[in-house]
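Position one of the sequence shown corresponds to residue 530 (my numbering), numbered consecutively onward.
Worksheet for the structure shown next.
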Amino acid sequence: MRLFHRTTLAPDLVLATADTFFAALGLTRSASDNRNRSFAGVLGTLAISVRMEGGHYTLIDVYTDQIGESRLDKNVKKFFVSLHRAADPRHKVEAGY
């Protein structure tokens with residue numbers, strides 16, 4: 530499954546947050562470079578890539594080896610929420626219905 534998120538946080542901060550967030554889920558980092566990370570564990574495998582977009586935005590692409598909405602995919606969405614809260618701590622995340 531492919532998931533993406535756009536944020537105002539710097540790419541280095543996004544990757545540092547990913548390192549701690551996914552390690553807490555029991556995933557181990559299997560590959561990394563300046564703008565990419567790969568994690569693997571019992572939940573599955575995921576790959577994260579970040580790139581600057583539009584000058585002041587960072588685009589985060591996450592690919593998982595899961596189909597449908599697995600536990601890993603739900604945790605990727607929680608990761609995106611944690612980035613949103615870090616970018617704007619005043620914003621209250623709530624349902625839109």
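The C-beta atom is built at its ideal place from N, Cα and C for all residues, glycine as well.
Since we're looking at a predicted model, the values are computed, not measured.
Backbone secondary structure at residue i - three-state DSSP
{"i": "Ser611", "result": "helix"}
{"i": "Arg600", "result": "helix"}
{"i": "Asp590", "result": "strand"}
{"i": "Ala545", "result": "helix"}
{"i": "Val571", "result": "coil"}
{"i": "Ala539", "result": "coil"}
Short CB-CB distance (under 9 angstroms) between residue i and chain C
{"i": "Ala569", "result": "Checking the listed chains, one finds no chain C in this structure; it contains a single protein chain."}
Residues of its chain near residue i, where Cβ-Cβ distance is below 8 angstroms and the 5 sequence neighbours each way are ignored
{"i": "Ala539", "result": "Thr587"}
{"i": "Arg600", "result": "Leu572"}
Neighbourhood of residue i by C-beta, 7 angstroms cutoff - its chain only, sequence neighbours within 5 removed
{"i": "Tyr592", "result": "Arg531, Leu575 and Ala576"}
{"i": "Phe609", "result": "His534"}
{"i": "Ala569", "result": "Leu556, Thr557 and Ser559"}
{"i": "Ser611", "result": "Thr546 and Phe550"}
Cβ-based neighbour list, residue i, same chain, cut-off 6 angstroms, excluding 5 preceding and 5 following
{"i": "Asp590", "result": "Phe533 and Ser578"}
Status (buried if at least 16 other CB within 10 Å, exposed otherwise) for residue i
{"i": "Arg580", "result": "exposed"}
{"i": "Val571", "result": "exposed"}
{"i": "Arg566", "result": "buried"}
{"i": "Thr536", "result": "buried"}
Range of the contiguous beta strand (DSSP E) that encloses residue i
{"i": "Ala624", "result": "From DSSP, Ala624 is part of no beta strand (DSSP E); its letter is neither H nor E."}
{"i": "Met530", "result": "Element bounds for Met530: n/a, residue is neither H nor E."}
{"i": "Arg558", "result": "Thr557 to Ser561"}
Can you find at least 3 beta carbon pairs, one from the segment 616-623 and one from the segment 584-604, that sit closer than 8 angstroms? no
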